[in-house]
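Residue numbers (the numbering used here): 563 to 726.
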């Protein structure tokens, strides 16, 4: 949890809209992200890291928007490790194969807090994009969300009215 809080601290770094500085230097956040990545990748930890996956996903997604390149880079590596931890090692080369995916129902049953987080984040990104005049570039945090969602497929038990 200490590593998660250190990695989160870089999000409070100085932004163009404010002069607020974070308490944790950005290099410490980079190290925390890299240590988290190593922990999520370690097969011997197995189920012990599963409760921390939602926090890791949110930190990694937020890191895609960082202006400090080493934090952004470490966040992409952390995100990749989490995708492997969640969906397993790539078993077939076909990206669209069901072997590399989970149902939305199974994914959100394992990580219920991610449903609200991803939904809220997507709604916020859409609102930002619609409010931008003239249209601006897409936010970097959109891409990891879309990658994650591309690994989900509907359950054959879901009906047309399902919110998943």
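Where is the CB? At the ideal position from N, CA and C, for every residue including glycine.
Owing to the predicted nature of the structure, the values given are computational and were not obtained by experimental measurement.
Three-state secondary structure (DSSP) of residue 703 | Three-state result, residue 703: coil.
Excluding the 5 residues preceding and the 5 following residue 622 in the sequence, name in chain order all residues of the same chain whose CB lies nearer than 7 Å to its CB.
-> 637, 640, 641, 644 and 706
Quick one: what does DSSP say residue 719 is sitting in, helix, strand or coil?
-> coil
Touching by the beta-carbon criterion (3+ pairs, under 8 Å), the segment 681–699 and the segment 659–666 | no
Which whole-angstrom value describes the C-beta separation of residue 615 and residue 648, a residue pair presumed to lie in contact below a C-beta threshold of 8 Å?
-> 7 Å
Residues near residue 663 in its chain [Cβ-Cβ closer than 8 Å; skip 5 each side] | 649, 713, 714 and 715
Might you give, ordered along the chain, the residues of its own chain that have their beta carbon closer than 7 Å to the beta carbon of residue 594, omitting 5 neighbours on each side?
-> 565, 568 and 569
In whole angstroms, what is the alpha-carbon distance linking residue 702 and residue 626?
-> 6 Å
Taking the alpha helix (DSSP H) that residue 617 falls in, what are its first and last residues?
-> Bounds of the alpha helix (DSSP H) holding residue 617 are 615–625.
Taking residue 633 and residue 592 to be in contact with their CB atoms under 8 Å, please state how far apart those CB atoms are, rounded to whole angstroms.
-> 6 Å
Enumerate, from N- to C-terminal direction, the unbroken alpha helix (DSSP H) stretches of 4 or more residues contained entirely within the segment 627–656.
-> 631–649
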